[in-house]
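Here's the structure we're looking at; comments come further down.
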Amino acid sequence: MSARPSRGVAPGRFPAALVILVLLAAACGGGEDPPATGATIVDDAPAPESDSDDGASPAAATDLQSTPAVDAPPVSGEPQAAAGAPADTASSGTSAAAPTTTALSIPEAPETDVPPPNADGENPPGRAPLADSSGREAVPSALADRSWPGFAALIPPDQIRSGGPPPDGIPAIDEPVFAPVGEVDFLADSEAVLALEINGDARAYPLQIMTWHELVNDTVGGVPVTISYCPLCNSSVAYDRNAAGRVLDFGTSGMLYQSSMVMYDRQTQSLWTHFDGLAVIGELIGTQLDFWPMAIVSWAAWRDAHPDGMVLTQETGYHRSYGRNPYVGYETSERLLTPAFQSTDIDERLPAKERVVGIRSAGQAIAVRHAHLTGRGAVEVELAGVPLVVWNLPGASSAIDAPELANGIDVGSTGVFERTLDGRLLSFTRSGDGFRDDETGSTWNLFGEATAGELAGNRLLAREFVDTFWFAWGTFEPTSSIVPPLG
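Residue 525, in the numbering used here, is where the sequence shown stops; the numbers in between run on with no holes.
Right under this line is the structure:
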């Protein structure tokens, strides 16, 4: 997959109606599996109690739709993109220009006589213990107290809510162990993996592992990156960890914003939204992380295209039921839970749990409906003046459906690429287990590589996208257009 990192979308687009779905929290850290209250428990760890700021418990949640109750998955967190990210890093294949980022207007922090939280490295009374970090800087901690009056904030602090676990209760993987493709025997062909390639370094991160950890701090192709996956909104993002003149390490905060994981960086303990990589409260407020294009694809498709690739193994240092799904039934359930304090003003243009492929660039956003895409195989769109192709191949199972990930319903593998190659505009159709361009009849694989025909050996430029649920995309991108257009 040929690509360069792209800048996240600048803020200023947070809607007034916020939707934070708390689907119950995973259990905290240690050596036990993190189950969720009301979720299918795959090990013997006890379910945690909710520690919502307003005292609301999962039992007090109200559903947004009057559908039958099903097992609800554990709470997940996701990061969002930030401003002031590093310069683009060259990768193998064709280069891509980073989308334009609108300048941020950062509010000034109010003056206050209240001592800053955790400035001296000590935890404020009554706060959850903070993760140890050898790189911790002596600055006020938004993780310790996001409502400290000395903080400026891009979003109201009281709209970031506890999901149950404390910081790092869902432990990130900081020392990932990889194995060559030929040595991997724990994945079924249909299991989904996150596919990332930077500077010729191709890596796969199985969702059977990411579901239990959500974050991996890694270095790929010489570039420090964080791999993030939020089961709650079913989205994955790869971020460049170079930001604000330092290399950051990320952990899970145990909090949610707009149904999406909130990360924190261990250097300054600023809070970041997963869905767009933006630092919203804390020392690094307004910092925008760069994206690297990453896709959710089947293990079989990735393995066949990357025989020399490396795969994240189950040697994580934690005991988890890898391959088992703590979110049983979530994929096909129409039911959404939200705390009673939360607004129910969801974008109703599409069903909340409908899958979409979300693409954003230069302040514009578009959502391609999964049902429309899977029926055609390849859909051509244009965003910010750039012709793109979105394609899908069957064979990848949902990680949030059946008790065993390999048995989840087939949601397919998806990719988004620029259609222009060396100044020539190409059109594509799905053909067998790949794609064919109409201009030369060349055959292309899922990862944008021409494998046969006149253009064999060429690669399309991959674009950053999110394969997610509509409720998340519509909340974070309220002005998004929809393909095909509605009625």
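Ideal Cβ positions, reconstructed from N, Cα and C, are used throughout, including at glycine.
Skipping 5 residues on each side, what residues in its chain have a beta carbon closer than 8 Å to that of residue i?
i: THR467; result: GLY415, ALA416, PHE473, ARG474, ASP476
i: GLY486; result: MET39, SER40, GLY453, PHE455, ARG497, LEU498, LEU499, ALA500
i: PRO195; result: ARG184, SER185, PHE189, ILE319
i: GLU353; result: VAL215
i: SER274; result: LEU232, MET248, ILE265, SER266, TYR267, CYS268, MET332, ILE334, VAL504, ASP505
i: VAL521; result: ILE404, ALA405, VAL406, ARG407, HIS410, VAL417, VAL419
i: GLN305; result: SER171, GLY173, ARG174, GLU175, ARG284, LEU286, ASP287
Measuring CB to CB, does residue i end up less than 7 Å from residue j?
i: VAL258; j: ALA242; result: no
i: GLY347; j: VAL219; result: yes
i: LEU484; j: SER451; result: yes
i: PRO204; j: GLY292; result: yes
i: MET428; j: VAL406; result: Looking at the sequence shown, residue 428 is not Met but Val. In this structure, VAL406 lies closer than 7 Å to VAL428 by Cβ.
i: VAL254; j: ILE236; result: no
i: GLU246; j: GLY361; result: The displayed chain sequence assigns Gln, not Glu, to residue 246. Yes, Cβ-Cβ distance for GLN246 and GLY361 is below 7 Å.
i: ASP212; j: TRP337; result: no
i: LEU309; j: ARG199; result: no
Might you give, ordered along the chain, the residues of its own chain that have their beta carbon closer than 6 Å to the beta carbon of residue i, omitting 5 neighbours on each side?
i: ALA276; result: LEU234, VAL263, ILE265, TRP330, MET332
i: ASN363; result: PRO441, LEU443
i: CYS271; result: SER297, SER298, THR506, PHE507, ALA510
i: GLU492; result: THR478, SER480
i: GLU392; result: TRP508
i: GLU418; result: VAL427
i: GLY283; result: none
i: GLY217; result: The amino acid occupying residue 217 in the given sequence is Ala; Gly does not appear at that position. Taken in chain order, the residues that qualify are VAL349, THR351.
i: THR489; result: THR481, ASN483
i: TRP250; result: ARG358
i: THR412; result: ASN430, GLY450
How should residue i be labelled, buried or exposed, when 16 other C-beta atoms within 10 angstroms of its C-beta is the threshold for buried?
i: HIS357; result: exposed
i: SER371; result: buried
i: ASP223; result: exposed
i: PRO214; result: buried
i: ASP303; result: buried
i: ASP287; result: buried
i: ILE447; result: exposed
i: THR325; result: buried
i: ALA409; result: exposed
i: GLU369; result: buried
i: VAL517; result: Going by the sequence as given, residue 517 is Thr instead of Val. Label assigned to THR517: exposed.
i: ARG279; result: buried
i: GLU229; result: buried
i: ALA317; result: buried
i: ASP460; result: exposed
i: LEU225; result: buried
i: LEU463; result: exposed
i: LEU524; result: exposed
i: PRO345; result: exposed
i: ALA210; result: buried
i: ALA281; result: buried
i: GLY495; result: exposed
i: SER179; result: buried
i: ARG341; result: buried
i: GLU502; result: buried
i: GLU531; result: With the chain represented from 39 up to 525, any question about residue 531 goes unanswered, as that position is not in the structure.
i: GLY396; result: buried
i: SER465; result: exposed
i: GLU252; result: buried
i: GLU386; result: exposed
Excluding the 5 residues preceding and the 5 following residue i in the sequence, name in chain order all residues of the same chain whose CB lies nearer than 7 Å to its CB.
i: THR458; result: PRO425
i: ASP471; result: LEU431
i: ASP239; result: VAL258, GLY259
i: ALA339; result: LEU431, GLY433, SER451, LEU484
i: GLN402; result: LEU421, ALA422
i: ASP256; result: PRO214, VAL263, ILE265
request  = Mind listing, in chain order, the continuous beta strand (DSSP E) runs of no fewer than 3 residues lying wholly within the stretch 240-280?
outcome  = Within the stretch 240-280, the complete beta strand (DSSP E) runs of at least 3 residues are 253-258, 261-268, 273-278.
4 or more residues per run - each alpha helix (DSSP H) lying fully within the stretch 276-346 = Runs of the alpha helix (DSSP H) inside the stretch 276-346: 337-343.
key: Continuous beta strand (DSSP E) assignments of at least 3 residues falling wholly in the stretch 396-447   = The stretch 396-447 contains these whole beta strand (DSSP E) runs: 402-407, 416-421, 424-431.
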